[in-house]
Structure formats: C-alpha cells, structure tokens
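Protein chains in written order, with full-length UniProt numbering: chain B, 1 to 118; chain D, 1 to 118.
For reference, the structure is listed below as structure tokens.
Protein chains: 2
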Amino acid sequence: MKRALSTGRLLAGVQPEGAAGERFDDLLRQPGLRIERIVSTGQVSPPDFWYDQSEGEWVLLVAGQARLLIEGEGSPRFLKAGDWIDLPPHCRHRVEWTDPECQTIWLAVYYAPPVGGD
Amino acid sequence: MKRALSTGRLLAGVQPEGAAGERFDDLLRQPGLRIERIVSTGQVSPPDFWYDQSEGEWVLLVAGQARLLIEGEGSPRFLKAGDWIDLPPHCRHRVEWTDPECQTIWLAVYYAPPVGGD
Chain B
1 MKRALSTGRL
11 LAGVQPEGAA
21 GERFDDLLRQ
31 PGLRIERIVS
41 TGQVSPPDFW
51 YDQSEGEWVL
61 LVAGQARLLI
71 EGEGSPRFLK
81 AGDWIDLPPH
91 CRHRVEWTDP
101 ECQTIWLAVY
111 YAPPVGGD
Chain D
1 MKRALSTGRL
11 LAGVQPEGAA
21 GERFDDLLRQ
31 PGLRIERIVS
41 TGQVSPPDFW
51 YDQSEGEWVL
61 LVAGQARLLI
71 EGEGSPRFLK
81 AGDWIDLPPH
91 CRHRVEWTDP
101 ECQTIWLAVY
111 YAPPVGGD
C-alpha cells in the first residue's frame, strides 16, 4: 500500500493528556524507526529510574529547557532550544529536570542500531 | 565498535558554506537512516527540478518559512516554524520559496522504507 503524505504542527496541540501531565505523540512509526513528540511541563524521571533502550535515540530539544543526566557523568547536561544529543543503544539516562514554568518540547527519533553494529 | 554519544546545536553554526549559500550538515548517518540539517537563505529549487527520492523524508521546519510544492497539488504549502511533513518515497516535491530575509532551518530525517512496503 502506498504511504500517504502526512503533516502536522509540532508546536500545536501541546496540552497535557491524562493525569501525569506529560504528553507523547507518535509522528511517524515504521519497523526500526519511530519519531515522537514529547511535551513536558516540569516532569522528571522517577527517582532511581534510568531509561535503558535497545534503540538509539536522537533527541532534539525544540522548546523549553531541561537537564539530562547520562549514567557515569558527574552532573546533568543542560539542554536548551536547539540542542540535540544522540544516545546510543543502552546509554542509560534520566531526565533530572524540565522547566516547570513552560512547556518543554522534545523531538525524539528512535532507531534500530545498524545490523552488525552495537 | 560501540557508538559514542554525540551532541550538537541546531541553531548554531548556520553561516553559509560555499558559493551556493545553502548549507547541509549530517547530524546522524547509518545505513537506512540519515538526519540532516539544512540552512537556506532565500534559495529555491532550480526551475523544473523535482526532488524524487527513494527514501522517505520526514522534514521539520525549525525556523524561518518556506513554500513547498508537492507534485499534483495546485499550489505550494506554506511552512512555518514547527510545521512538519512526511514525504513518502518518490513523492516528488520542490522548494518554491524560502524567506530571503532570514535563515530557514530544516531538520530532515531520510529513512529507508519498510521492507515489503511502498
């Protein structure tokens, strides 16, 4: 089946959904690739929780600001609009802080590592 | 070989390179996936030129503004910051206009179509 063209607005429709208040929207999904928008308003990772993903994650902070801690680093990285980071598979990380005063918009590209890679 | 963590600033280092004045930077590259930043300052596609790619292209307009014509559509789509569009493989398109008064920053994710798809 031929894929249709699809479009959207990254900065629109950012109101929270559900009680947790953080919002996740898939923008593209196919085997081995997913593009997701995440909208945070002060949310952080739960205590002692680490993301540990089998996919790579290329993530851009589109708006707002955040602090991201990479396991093994002494202090979190401060991210502001336009900053991106490519997290290899199993690069453990957690969100230590997002600005509670505004919406922080992330664009995350999750991708399968190359075959034969690590 | 284990992939290293890499980072960058999408809104920095946007000065033109070369005579054409449009700038292209690969931010991530692996088989079947490439993430590229494009910085345009008034550039448009040459007359009668159409992009016709075997990959899909998910593209976000991060800053600036542009008009993108999709083959078969009567008029170009106006894109402003935050607008994204997913162009399936072989969706012919051309850039009719980018704002000559400012830098238009695109984030393009080129991806192999799913096996058995199209």
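Just so you know, even glycine gets a beta-carbon here, dropped at the ideal spot from N, CA and C.
Chain B within 8 Å of residue i, Cβ atoms only
{"i": "residue 6(D)", "result": "yes"}
{"i": "residue 47(D)", "result": "no"}
{"i": "residue 10(D)", "result": "yes"}
{"i": "residue 76(D)", "result": "no"}
{"i": "residue 111(D)", "result": "yes"}
{"i": "residue 69(D)", "result": "no"}
{"i": "residue 88(D)", "result": "yes"}
Residue i - DSSP class collapsed to helix/strand/coil
{"i": "residue 105(D)", "result": "strand"}
{"i": "residue 40(B)", "result": "strand"}
{"i": "residue 49(D)", "result": "coil"}
{"i": "residue 15(D)", "result": "coil"}
Residue i vs residue j beta-carbon contact at 8 Å
{"i": "residue 30(D)", "j": "residue 114(B)", "result": "yes"}
{"i": "residue 73(D)", "j": "residue 92(D)", "result": "no"}
{"i": "residue 50(D)", "j": "residue 84(D)", "result": "no"}
{"i": "residue 109(D)", "j": "residue 35(B)", "result": "yes"}
{"i": "residue 62(B)", "j": "residue 28(B)", "result": "no"}
{"i": "residue 9(B)", "j": "residue 82(D)", "result": "yes"}
{"i": "residue 104(B)", "j": "residue 45(B)", "result": "no"}
{"i": "residue 53(B)", "j": "residue 90(B)", "result": "yes"}
Residues that residue i bridges to, as DSSP identifies them
{"i": "residue 6(B)", "result": "86(D)"}
{"i": "residue 95(D)", "result": "68(D)"}
{"i": "residue 62(B)", "result": "DSSP lists no partner for residue 62(B)."}
{"i": "residue 79(B)", "result": "66(B)"}
{"i": "residue 57(D)", "result": "87(D) and 110(D)"}
{"i": "residue 28(D)", "result": "35(D)"}
8 Å Cβ cut-off: residues of chain B touching residue i
{"i": "residue 58(D)", "result": "27, 28 and 35"}
Any C-beta of chain D under 8 Å from that of residue i
{"i": "residue 38(B)", "result": "no"}
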